[in-house]
Each structure stands twice: as structure tokens, then as C-alpha cells.
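Note sheet for the following structure.
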Amino acid sequence: MERIPHSRPPEALTEVQTHYCPGCGHGIAHKLIAEAVDTLEIRERVIGIAPVGCAVLAYFYLNFDVVEAAHGRTPAVATGIKRADPDKIVFAYQGDGDLAAIGTAETIHAANRGEHIAVFFINNAVYGMTGGQMAPTTMEGQRTSTSPEGRDVETMGPPIRMCELINTLDRPYYIERVAIDGPAGVRKTRKAIRTAMRYQVEKRGYCFVEILSPCPTYQRLSPVDALGFVGQTMRGVFPTRIFRNEGEVVHA
């Protein structure tokens, strides 16, 4: 049973002021996850896994059980918890460095096994916690502290598109890429997060939601311009769409 959300703040979100930079997408993503938890009435069953990265303090902001994992090991920890207690609703919350760099092996193999977890992947195309270095998702020509002349694909390779990569595997149940780039994007992100969490309640299988997110500090833009960067630049490299939804017919 789903409870219709009200305008008041989600019960699954604490009243603690976050440490995120102004305009950061993490706070929005946290709220949308909390709304999904409230709507599905699973707060006493849900367990989040937060790794090293900007969201390392997520347990301060999410009003339910959150476990901290070593850098890149989030899917492994989520797998262990879910297998030890199958009645729990388990999700991983990861950034691009954690998921697509040091955690690539854990990410791919958890998806390939079809683990019964949801993964929320925050892609802002840069390492946000450690100083704005180039990430696996940094785009061609994008300048960062470690690619001051822009990412050169001849020497650094092209950005990794995680949804497309995971979509080559047989076992994932639901794969979607959305974007926090304005009201319409937030609404689609809310729906995708709720879908992934609902599929966990229904024991459908592995769900992967990639969320294109603004990082004004290291995209070196104002909060408003960072939304435009996500909507206009990042969407061109990382198309937003449903890649797979075994619960519905998806037309590419």
C-alpha cells in the first residue's frame, strides 16, 4: 500500500542542516529518497549504504538506518546485508568516483548477479569531495583540477556511460537515467526513485537509477547555470531515458 505524500517534509528526512554546497543535487536526491520511503511506508525496513564521498554523512540526514561502507565497496556491503536479512529493503547511494572508478568491479558484478538492491548513482561528472578532479564520467573537453586543458579522450579515454554498460548484462530488472536540471527533471527523478524502491518491496531484482546532478562548486558555475549545464551539456553525453524496465514494455 502506498500512502499519498503531503506537503510537509518527509518523516524519513531529518531536520539537520546539510553540509552540501549551495545548488548541490545531493540534498534534492535525499529528499526524493525520503519521500519514496514514506510513500511506500518502509522506514522501519529500509537500510541505506553510503560510501566515502560527498554523501558520506547521509546518515545525518536520512531518518532511518544507514550503513557507511569503504570507498567503492557499497554494492558488496549492500549485497551482504540483503542476503543476511532478505526482508530488508536495501539501497546503495553512490557518486561517480565511488561507483564508476574504485567500485567498478563491485558495481558490475552485483548487477550481473541480479542482487535484490536498488542503486542510486549520482553523476555530476567530477570528484566533488576531494577537490574537483577528473572522474570516470568527466566529459570530453571538460576542465577539472587534474585535466586543466580539458579531458583528452586520446590519452584519458572517453567518459564511461554506466547505464549503457549495465544494460549489456542479463540480470538487471530496471535501469533508468534521469536528471536534476529543473522541476520537470526532479519530477522524473522522483518517479524513478520511487519505482526502484517499489520494485525492491516487490522483490523484483536489481535496479539502477543514474541521476545527473549539478555540482556548482566544481563545475565552477552558479547554481542556476549548473542546472543548465546538467540539462544542456550532460544530457547530450548521457541521454536520459529508461534503458530497461522488466515490469513494463520499454521502447528505445
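Sequential numbering from -14 applies to the sequence shown in the working numbering.
No residue lacks a Cβ here, since even glycine has one placed at the ideal position from N, Cα and C.
Look at the Cβ atom of Tyr46, then the Cβ atom of Val1, and state whether they are nearer than 7 Å. yes
Quick one: grab the DSSP three-state call for Ala35. Residue state, collapsed to three classes: strand.
Going by C-alpha distance, which of Gly82, Glu29 and Gly12 is nearest Val37? It is Gly82.
Cα-Cα, which of Gly213, Val31, Thr122 and Ala177 is closest to Gly80? When only C-alpha atoms are compared, the closest one is Thr122.
DSSP three-state assignment for Gln185, whether helix, strand or coil: helix
CB-CB under 8 Å to Glu231, same chain, minus the five flanking residues each way: which ones, in chain order? Excluding sequence neighbours, Glu231 sits near Tyr158, Tyr159, Arg189 and Gly190.
Of the residues Gly221, Met182 and Phe106, which one's Cα is nearest the Cα of Ala86? Selection Gly221, Met182 and Phe106 evaluated against Ala86 yields Phe106 as nearest (Cα-Cα).
Leaving out the 5 sequence neighbours to the left and right, which residues in its chain are closer than 7 Å to His4 when beta-carbon positions are compared? Same-chain partners within the cutoff: Leu42.
Through-space distance from Val62 to Val186, alpha-carbon basis: 19 Å
From the DSSP output, read off the bridge partner residues of Thr129. Ser132
Any 3 or more C-beta pairs closer than 8 Å across the stretch 214 to 221 and the stretch 161 to 178: Touching, yes.
Which runs of the beta strand (DSSP E) fall wholly inside the stretch 157 to 220 and span at least 3 residues, in chain order? 159 to 164 and 192 to 197
Could you check the C-alpha separation between Ala110 and Tyr78 for me, to the nearest Å? Taking the straight line from one Cα to the other gives about 16 Å.
Judging by CA-CA distance, which residue of Phe76, Asp70 and Ile66 is the nearest neighbour of Arg179? Phe76
With distances taken Cα to Cα, identify the nearest neighbour of Ile13 among Ser132, Ala40 and Ile27. Ala40
N-terminal and C-terminal residue of the alpha helix (DSSP H) that Asp23 is part of: His11 to Leu25
Reducing DSSP to helix, strand and coil, say where Gly88 ends up. Coil, per DSSP.
For Arg146 and Phe223, which I take to be in contact (beta-carbon distance under 8 Å), what is that distance rounded to the nearest angstrom? The beta-carbon separation of Arg146 and Phe223, rounded to 6 Å, stays under the 8 Å limit for a contact.
So, Gly33 versus Val51, is the Cβ gap smaller than 7 Å? For the 7 Å CB-CB criterion, Gly33 and Val51 form a contact.
Determine the extent of the alpha helix (DSSP H) in which Ala63 is found, giving its start and end residues. If you look at Ala63, you'll find it in the alpha helix (DSSP H) that goes Thr59 to Ala69.
Per-residue burial, Val104 [other beta carbons within 10 Å of its own, 16 or more giving buried]: With a 10 Å radius around the Cβ and a threshold of 16 neighbouring Cβ atoms, Val104 comes out buried.
Per-residue DSSP class, three states only, for Leu154: coil
Residues in its own chain within less than 6 Å of Gln204 by CB, not counting five upstream and five downstream? Ala211 and Phe214
Quick check on Ser207 - is its C-beta less than 7 Å from some C-beta in chain C? You won't find chain C in this structure, because it holds only one protein chain.
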